[in-house]
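In our numbering, the protein residues as written are 4 to 471.
Every residue gets a Cβ at the ideal spot worked out from N, C-alpha and C, and that includes glycine.
Here is the structure we will look at.
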Amino acid sequence: MDRRKGPSKVGHPPHIKRLSLQLQSLIRGRMWLKVLMGMALGTAFGIVLGPAAGLFDPRIATTLGEWLSLPGYIFLGLLQMIVVPLVLASIILGIAANRDVEMVKKLGVLAGLYFVATTAVAIAIGIAVALLINPGRHIQGEEVILLAAAPQGSQEISDLPELFEIPRIIGGLFPTNPLEAMASGQMLQVVLFSVIVGIAVLTLSPRSSAPFMDLLGSLQEICMTVVRWSMHLAPLAVFGLMAKFTAQLGLETLLGMGVYVMAVLFGLLLLLVLYLIIILAYLRRDPLQFLADAKDALLIAFSTSSSAATMPVSIRVAEEKLGIRPAVGQFIIPLGATINMNGTALYQGVATVFLAQVFGVDLTMGQLLLVMIIAVGASIGTPATPGVGIVILATILASVGVPAEGVALIIGVDRILDMSRTSVNVAGDLVASAVMDKLARGRLETLLDIEGVGGADPAPAESQTTSQ
């Protein structure tokens, strides 16, 4: 049977559009503003709750802080619960939308090289910014350092693998038990499994693959329904978590952390400028128009702190506003949401240097290079859920001899940074999709004209940008 004459519903653009419209209702409801208000009110209440104000007994304050954090725990749990099935369904559907194994290979190789290169550049920017600003020099006093380190247990420092161990490690990336990989959150194994299944689907006739595609489309919709439910908790979640951590660390420590926060935000701004340079120099588009077109996806990313939860909006923005072919957007964006964590990598670079300065650890050039290598590897397959960057950071710190307990010092300010770096991650996915679309446009035009995938061809990106 000729697969090229299959139904055009492979890839499920109708339900992608429907999910996107549902998430965009959060923007109309000013969810991002409610989250910011929750952050401000939580910080203020945390100051009142903390020991400096002297209004509450420490045990009562701790109990109140934990109960206030309950919506936050539920919010994070709901998002972490759906990330594996959402990524699995999105990657398989995205690959199936291409209907061409050679195209998938080309896009996969190009995207992989692009992701690794931009992630390395991002963490280099983060390290450079931290070395220039020296945010760790603004945290004074052993008492503050010990207070921050106290709540965390010590972590065992893992040795780097020997050369003879690398082949076994690479072989271990392919899951022998996919269900176990999904249950344990081994995202890189989940991604590889999804890619293999997606390519296998391409070899089937549309009649054979249609039930499986319908199942995955329904799974994706179910996951996004859970995301939509969880978003009603977002303002309360941010309020409670900020109140708890502000009460724990105190206002003086948070003010000292302000330089660190500004260093991360400045690094993210530089990374965003780099994206805009790519938009202008390589793609020949108006950078400001790109930001205007991407606004909905960036606001959803800021509100959810999850690249995975933002995928339907990102795909719709890529296709309808940026003029990216569905075959590219529906493949690159789900892939990028899992392995293209440039903002997170930059944050890890700043945080590692910051905590090294706080604890008086002088990092050599060799150690900084090691931080870059580990951060690039750790960013690939990082779950696209809130707060996961902290877990990865602890591993990086241990590898270069910085006490991993120091993560307690930055947890209190991580909420605003998590939202900001997720927005930059999503911007990076959109830029990557546009770059891949241009690199593969010649082959795609020939292929899609023959197959008629996705209906009428979208207008060229340049003309769409001009007309909007």
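{"Asked": "Own chain partners of V434 with C-beta closer than 7 Å, once the 5 adjacent residues on each side are dropped", "Found": "Y278, I281, I282"}
{"Asked": "Which listed residue (I173, I419, L81) has its alpha carbon closest to that of F305", "Found": "I419"}
{"Asked": "Burial state of P193, where buried means 16 or more other Cβ atoms lie within 10 Å", "Found": "Checking the displayed sequence, the identity of residue 193 turns out to be Val instead of Pro. Per the 10 Å Cβ criterion, buried."}
{"Asked": "Minimum C-alpha distance to L44 - residue among A250, I202, A184", "Found": "A250"}
{"Asked": "Between the CA atoms of A184 and V87 - distance to the nearest angstrom", "Found": "10 Å"}
{"Asked": "Spatial distance of L58 from L257 (CA atoms)", "Found": "19 Å"}
{"Asked": "Status (buried if at least 16 other CB within 10 Å, exposed otherwise) for A64", "Found": "buried"}
{"Asked": "Sequence ranges, alpha helix (DSSP H) only - wholly within the segment 41 to 122, length at least 4", "Found": "61 to 71, 73 to 99"}
{"Asked": "V204, enclosing alpha helix (DSSP H) - first and last residue", "Found": "190 to 205"}
{"Asked": "Alpha helix (DSSP H) segment containing E255, residue limits", "Found": "254 to 259"}
{"Asked": "Endpoints, the alpha helix (DSSP H) within which E224 is located", "Found": "209 to 234"}
{"Asked": "Residue range of the unbroken alpha helix (DSSP H) whose run includes R171", "Found": "169 to 175"}
{"Asked": "Reduced DSSP secondary structure (H/G/I, E/B, other) of N343", "Found": "coil"}
{"Asked": "Backbone CA spacing between Q292 and V316 [nearest angstrom]", "Found": "17 Å"}
{"Asked": "N-terminal and C-terminal residue of the alpha helix (DSSP H) that P181 is part of", "Found": "181 to 187"}
{"Asked": "Residue closest to Q3, alpha-carbon to alpha-carbon, out of A312, A297, S197, M106", "Found": "Here the chain comprises residues numbered 4 to 471, so residue 3 is not present and cannot be evaluated."}
{"Asked": "Beta-carbon proximity of A437 to L302, cut-off 7 Å", "Found": "no"}
{"Asked": "Exposure of P54, with buried meaning 16 or more beta-carbon neighbours within 10 Å", "Found": "exposed"}
{"Asked": "Rounded straight-line distance, which links the Cα of S93 to that of G220", "Found": "8 Å"}
{"Asked": "Buried versus exposed call for A186 [16 or more other C-beta atoms within 10 Å across all chains shown]", "Found": "exposed"}
{"Asked": "Through-space distance from L272 to K108, alpha-carbon basis", "Found": "33 Å"}
{"Asked": "Three CB pairs or more closer than 8 Å across the segment 337 to 349 and the segment 63 to 79", "Found": "no"}
{"Asked": "Where the alpha helix (DSSP H) containing A311 begins and where it ends", "Found": "From DSSP, A311 is part of no alpha helix (DSSP H); its letter is neither H nor E."}
{"Asked": "Buried/exposed call for L71, threshold 16 Cβ in 10 Å", "Found": "buried"}
{"Asked": "Exposure label - K247; buried when at least 16 CB within 10 Å", "Found": "buried"}
{"Asked": "Length of the line joining the Cα atoms of V104 and L195", "Found": "15 Å"}
{"Asked": "Inter-residue CB distance, G139 and Q360 (contact presumed, cutoff 8 Å)", "Found": "2 Å"}
{"Asked": "Expected contact under 8 Å - CB spacing of L358 and V405 to nearest Å", "Found": "5 Å"}
{"Asked": "Residues near F476 by beta carbon distance below 6 Å, same chain, minus five either side", "Found": "Outside the shown range of the chain, which is 4 to 471, sits residue 476, and nothing can be said about it."}
{"Asked": "Own chain, CB closer than 7 Å to T468, minus 5 neighbours either side, in chain order", "Found": "For T468, the pLDDT reaches just 39, beneath the cut-off of 50, and the residue's location in the model is therefore unreliable, although a value from the coordinates is still provided. So the list reads R288, D289, Q292, once near-sequence residues are dropped."}
{"Asked": "G259 beta carbon less than 7 Å from that of L349", "Found": "no"}
{"Asked": "For Y285, three-class secondary structure by DSSP", "Found": "coil"}
{"Asked": "7 Å Cβ cutoff met for A123 and V403", "Found": "no"}
{"Asked": "Buried versus exposed, by CB contacts within 10 Å (16 or more), S466", "Found": "Confidence at S466 is low in this model, with a pLDDT of 39, below 50, so the placement of that residue should be treated as unreliable; the coordinate-derived value is given next. S466 is exposed by the Cβ-count criterion."}
{"Asked": "Environment of L252 [buried if 16+ CB atoms lie within 10 Å]", "Found": "buried"}
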